[in-house]
Each structure stands twice: as C-alpha cells, then as structure tokens.
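Chemist:
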Amino acid sequence: MKRISILFTFLLPIITSAQIGPTRSSKLDIELKKNIELLGIGYFIGFEGIDIENKTVEVDGKTIPKKEWHTYGFEIYQQFEPYQNSDNLLKAFSVADHLWLDYLTAFLLQLDDVPNAKINDSLDVGYYLNFSKDKNPEEALKNAQIFLEGMNGFAQEIDLDSYMENAKPYYVQAKKEILTTLSDNGFITAMEEFYKNEFDSYRLIPSLTIPKGMGFGIKSDDVIYSVFGAVDFQHFENPENLDMGFANLDKLSELTIHEYGHSFVNPVVADQPNELFNKSEHLFTAIKSVMANQGYNTWKACLYEHFVRAGEIIIAEKMGNLERAERLRYNYINKRSFKYIPDILNALKKYDRGAYDNYSEAVKKGLLLLAKKK
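What the sequence shown shows, in my numbering, is residues 672 to 1045, in sequence order.
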C-alpha cells in the first residue's frame, strides 16, 4: 500500500456516531465516529504499524521503542495485520493515496456510518473533489465512491462492529478521561473572546486507532471538530485500572486549542490578498526543509501554522497559564523552527490591546511585517 500523507485530529451497545453527552460547557460535545476508527485501523496496518517493533520515537525528550508509545495501536496492528493486503482496503486507498488524512477525515465525517457510507446529492463537492488530482468533479465522485465501496467492504471484512463492542470499556474510559480533564477548562471562552468569533458547537472526536499525537481541525458549517488520538502513555491490561492516554491536561488542552484554532485562523488568513503572500514567500526558503519534515509543504500552509501557534501562546496567557505560554513559545520557535512567530505575536498583541478592529486586520498587519523582512 502506498503511504498516505499526513498533515500534522457514544452510545453503546454497538457504538455508533451518537453524541455521548456534553461537558460543563454547553457548546462542547464528545462523539465517537465508527468511520474514523475504521480509517485509523486501515492507516495503522497499512503504514504506521509496519516494522513498528524495530523503530523508535521521541517522547518528552526521551527516545523509546515505538511500540511502547503506540501500545494500543500495536494491539490494533497485531489484531488486524492479517488484513493488511485486504482487497477492500487496497481498493479504497488505490484512489486515495495522494490525500492527506485530514481530508479523508473531513469527508468521512459527512457520511453515514460504515458499512452504509455513501455520497448523497446534498453533499458539497468540496468534500470529495480532491479525490481527482485534476479537480474534475465527475472523476472525483467516481473515485470517492470507489473509496467508500472499499471502506464499507473492509468494515464488514474485519467485523468492525465486533471490534467496537469488545473495545467498549476502552472507549468509555477515554470519554471519562476527557470529560474530567477538559471539563470547565475555559478555553472556548478565551478563544472566542480573542478571535472575536464563535461557533455553534465544538465537537471532540477522540480516537483509539488514529496514532497518538495526531490531530485534525475540521470545520463543517457552524460546527468545528477536533479529531485526535491519545496524548499520553496507555495502560489497558487491567480492566479495573484503565488509562487510555487522554488525561494529560497540558497535552490534551494544547492539542484541542491548536486544532480548534485552525477553524478560527485558516479562513481569515486564506482571505488575505495574494500579494501579501507573494511578498513574504521569500521567507519560506530558510525553513522549507524543516517545515516539510513536519508536513507543511507550502508557504500558505506554513503561515496557517504560524498564526495558529502564535494564537495558542496568547490564549495560554489569557487563561493565566504563563508557564505554558512560555513553553509553547520556546518549543515552537526554537525546537520546531516557526521562526516568524515573534513578528506575528507583535501584531496579534496589538490587536488584543485594541489597536486593530478585528482579527483580519491583525493578520494583514502581521503579513505586512513579514513582507518587510529580508
């Protein structure tokens, strides 16, 4: 299987896509999506889990065996490895190997649960247009239907419903950890006040099959989603003492604010005049390789990340967590080479003090500052 590109994102007995209840914030809901769990299984056995026993990964500054970090993922890999060359799975990804996981996630979120996922006439073509490399709507629809035929067949082939039923205690525990960790956290209010914008609903979609640390921010109408894997070590051998890796407050908050931030930031950045992007694009040369290693292959994508991450720093300050703000600033600028964050922070802090009327004006000022840099 070809590698899928990555951007970096209930009710029982048989778990479906139903809402499992709000946190103390009336806007914040938690859901589980069978479609996303199936996508994660396919991705893990098709790429992430391959040769996992012989790989290492850096976690919190330490290098450890990859299978010790992706413990639940390794279980998934071992359980479903016999389906690695499934005709259904290969069929699905034969038309999707050029797509990013966030795009596939956004597409699958619009559909009924597998094995009954299908494209309705009401679905906006934008959700599947990229299935055609040439952006041809007819070809895109045909390829998207092939993808769904493969995914629906794969769900039946691996008996996804049985997996979800057997994994019920793990998903219930994941929900408990998130409710306890993010309940009444205040970050939604802080984001809405800073960006001077709000959405009707904020959905958290945790996944046990999407690899740890991955997250996708997705906007659909006036609802925004954060689809994400676990953020910390997991212990699930003892049913009486489960830890599914969602209880780390700093990591979970930072990931959630980051992914939600894209829905506030990206449309505003994208709406700026092209000349501002063109005048600052020379700055991409100095960081192009390190950005590409993180999945950001264009200057505009790099700018989205700069503005989102600068916003995270300010949100942390507004929530009174100065330690987190400084840690984010240091890590983003010094460890991950988002070297233009200071210029953007300059513009955003002026906006926060009332110097600019709206966030769009602050973005424009930030881009003008970058355009002047050598």
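The C-beta atom is built at its ideal place from N, Cα and C for all residues, glycine as well.
Count the other C-beta atoms from every protein chain shown that fall within 10 angstroms of the C-beta of Asn912, then say buried if there are 16 or more, exposed otherwise.
Modeler: Working through the sequence shown from its first residue, we reach residue 912 at position 241. Looking at its Cβ environment, which holds fewer than 16 other Cβ atoms inside 10 Å, Asn912 is exposed.
Chemist: From this set, Glu810, Ala815, Tyr1030, Phe718, which residue's C-alpha is nearest Ala777's C-alpha?
Modeler: Counted from its first residue, the sequence shown places residue 777 at position 106. With distances taken between Cα atoms, Ala777 lies closest to Ala815.
Chemist: Please state whether the Cβ-Cβ distance between Glu946 and Trp970 is less than 7 Å.
Modeler: Residue numbering aside, residue 946 sits at position 275 when the sequence shown is read from its first letter. Residue numbering aside, residue 970 sits at position 299 when the sequence shown is read from its first letter. Not in contact: Glu946 and Trp970 (Cβ atoms no closer than 7 Å).
Chemist: Which residues bound the beta strand (DSSP E) around Pro808?
Modeler: Position 137 of the sequence shown, counted from the start, is the residue given in the question as residue 808. First-last for Pro808: 808-828, but that is the alpha helix (DSSP H), not the beta strand (DSSP E).
Chemist: Beta-carbon separation of Leu1019 and Ala1033 under 7 Å?
Modeler: As a working note, residue 1019 is residue 348 in the sequence shown. As a working note, residue 1033 is residue 362 in the sequence shown. A contact, by the Cβ cut-off of 7 Å.
Chemist: Would you be able to state if there are at least three C-beta pairs under 8 Å between the segment 841-849 and the segment 774-794?
Modeler: Segments in contact, no.
Chemist: Hey, which unbroken runs of the alpha helix (DSSP H) at 4 residues or more fall wholly within the segment 964-1000?
Modeler: Complete alpha helix (DSSP H) runs here, min 4: 970-989.
Chemist: For Phe907, which residues from the same chain have a beta carbon less than 7 Å from its beta carbon, with the 5 sequence-adjacent residues on both sides left out?
Modeler: Against the sequence shown, residue 907 aligns to sequence position 236. Closer than 7 Å at the Cβ level, and outside the excluded window around Phe907, lie Tyr743, Tyr841, Leu913, Met915.
Chemist: Excluding the five sequence neighbours on either side, which residues of its own chain have a C-beta within less than 8 Å of the C-beta of Glu864, listed in chain order?
Modeler: In the sequence shown, the residue the question calls residue 864 occupies position 193. These residues qualify, in order along the chain: Lys989.
Chemist: Going straight from the alpha carbon of Gln943 to that of Asp892, what length do you get?
Modeler: Locating residue 943 in the sequence shown gives position 272, counting from the first residue. Locating residue 892 in the sequence shown gives position 221, counting from the first residue. About 21 Å.
Chemist: Taking the runs of the alpha helix (DSSP H) that are 4 residues or longer, which of them lie wholly in the segment 854-940?
Modeler: 858-866, all fully within the segment 854-940.
Chemist: Can you pull the DSSP bridge partners for Asp783?
Modeler: Counting from 1 along the sequence shown, the entry for residue 783 is found at position 112. None, per the DSSP bridge assignment.
Chemist: With three or more beta-carbon pairs closer than 8 Å as the criterion, would you say the segment 739-753 touches the segment 789-809?
Modeler: In short, these stretches do not touch, since the Cβ pair count stays below three.
Chemist: Put Lys789 into one of helix, strand or coil per three-state DSSP.
Modeler: Taking the sequence shown and counting its residues from 1, one reaches residue 789 at position 118. Residue state, collapsed to three classes: coil.
Chemist: Between which two residues does the beta strand (DSSP E) harbouring Glu729 extend?
Modeler: In the sequence shown, residue 729 corresponds to position 58, counting from 1. From DSSP, the beta strand (DSSP E) with Glu729 extends over 727-730.
Chemist: Taking the beta strand (DSSP E) that Lys733 falls in, what are its first and last residues?
Modeler: Taking the sequence shown and counting its residues from 1, one reaches residue 733 at position 62. That run of the beta strand (DSSP E) goes 733-736.
Chemist: Anyone know if the C-beta pair for Tyr873 and Ile849 falls short of 7 Å?
Modeler: Here residue 873 refers to the residue found at position 202 when the sequence shown is read from its first residue. Here residue 849 refers to the residue found at position 178 when the sequence shown is read from its first residue. For Tyr873 and Ile849, no; Cβs fall outside 7 Å.
Chemist: At a Cβ threshold of 7 Å, is Lys789 touching chain D?
Modeler: Any reference to chain D falls outside this structure, which holds one protein chain only.
Chemist: With three or more beta-carbon pairs closer than 8 Å as the criterion, would you say the segment 925-938 touches the segment 978-996?
Modeler: Yes: the two stretches touch, three or more of their Cβ pairs being nearer than 8 Å.
Chemist: Am I right that Leu1041 and Asp1014 are in contact with their C-beta atoms under 8 Å? What's the rounded C-beta distance?
Modeler: In the sequence shown, the residue the question calls residue 1041 occupies position 370. In the sequence shown, the residue the question calls residue 1014 occupies position 343. At roughly 6 Å, the Cβ-Cβ gap stays under 8 Å, so Leu1041 and Asp1014 are in contact.
Chemist: CB Leu926 to CB Thr852, shorter than 7 Å?
Modeler: Taking the first residue of the sequence shown as 1, we reach residue 926 at position 255. Taking the first residue of the sequence shown as 1, we reach residue 852 at position 181. No.
Chemist: Does the segment 802-819 come close enough to the segment 856-870 that 3 or more CB-CB pairs lie under 8 Å?
Modeler: Too few Cβ pairs lie closer than 8 Å, so no.
Chemist: Suppose you measure from the CA of Ser757 to the CA of Gly713; what does that come to, to the nearest Å?
Modeler: Indexing the sequence shown from 1 puts residue 757 at position 86. Indexing the sequence shown from 1 puts residue 713 at position 42. In a straight line, the C-alpha of Ser757 is about 10 Å away from that of Gly713.
Chemist: State yes or no: is the C-beta of Gly900 within less than 7 Å of the C-beta of Ser924?
Modeler: Taking the first residue of the sequence shown as position 1, residue 900 is located at position 229. Taking the first residue of the sequence shown as position 1, residue 924 is located at position 253. No, the pair does not count as a contact, with Cβ atoms beyond the cut-off.
Chemist: Just to confirm my understanding: we take Glu869, look at its own chain, exclude 5 residues before and 5 after, and list those with CB closer than 6 Å. What are they?
Modeler: Residue numbering aside, residue 869 sits at position 198 when the sequence shown is read from its first letter. Cβ within range, chain order: Glu863.
Chemist: Could you check if Pro808 is buried or exposed, using at least 16 other CB atoms within 10 Å of its CB as the buried criterion?
Modeler: Taking the sequence shown and counting its residues from 1, one reaches residue 808 at position 137. Pro808 should be labelled exposed.
Chemist: For a test of the three-state rule: what should DSSP assign to Asp832, helix, strand or coil?
Modeler: On the sequence shown, position 161 is the one that residue 832 refers to. Asp832 falls in the helix class under three-state DSSP.
Chemist: Can you tell me whether DSSP reads Leu770 as helix, strand or coil?
Modeler: Your numbering for residue 770 matches position 99 in the sequence shown. Here Leu770 sits in coil by DSSP.
Chemist: Candidates Pro910, Phe715, Met835: which alpha carbon is nearest Lys737's?
Modeler: By one-based count along the sequence shown, residue 737 stands at place 66. Residue Phe715 is the option with its Cα nearest to Lys737.
Chemist: In the DSSP assignment, the alpha helix (DSSP H) including Ile707 goes from what residue to what residue?
Modeler: Numbered from 1 along the sequence shown, position 36 holds the residue referred to as residue 707. It spans 705-714 - the alpha helix (DSSP H) in which Ile707 sits, taken as one unbroken run.
Chemist: Please name the residue or residues paired with Leu699 in a DSSP beta bridge.
Modeler: Position 28 of the sequence shown, counting from 1, holds the residue named residue 699. Answer is Tyr873.
Chemist: Expressed to the nearest angstrom, what Euclidean distance is found between the alpha-carbon atoms of Asp722 and Ile881?
Modeler: Here the question's residue 722 lines up with position 51 in the sequence shown. Here the question's residue 881 lines up with position 210 in the sequence shown. The alpha-carbon atoms of Asp722 and Ile881 are separated by roughly 17 Å.
Chemist: If contacts are defined as beta-carbon pairs under 8 Å, then Asp784 and Asn706 qualify, I think. What distance do you get, rounded to the angstrom?
Modeler: Reading the sequence shown from its first residue, position 113 is the one you call residue 784. Reading the sequence shown from its first residue, position 35 is the one you call residue 706. Yes, Asp784 and Asn706 are in contact; Cβ-Cβ is about 6 Å, under 8 Å.
Chemist: Return the chain-ordered list of same chain residues with a C-beta closer than 6 Å to the C-beta of Leu760, the five sequence neighbours on each side being excluded.
Modeler: In the sequence shown, residue 760 corresponds to position 89, counting from 1. The residues are Gly713, Phe825.
Chemist: Considering Cα atoms alone, identify which of Asn968, Tyr866, His741 is closest to Tyr1027.
Modeler: By 1-based counting over the sequence shown, the position of residue 1027 is 356. Closest option to Tyr1027, Cα to Cα, is Tyr866.
Chemist: Counting only the same chain and skipping the five closest in sequence on each side, list residues whose C-beta sits under 8 Å from that of His977.
Modeler: Taking the sequence shown and counting its residues from 1, the one referred to as residue 977 is at position 306. Phe1009, Tyr1011, Ile1012, Ile1015, listed in sequence order.
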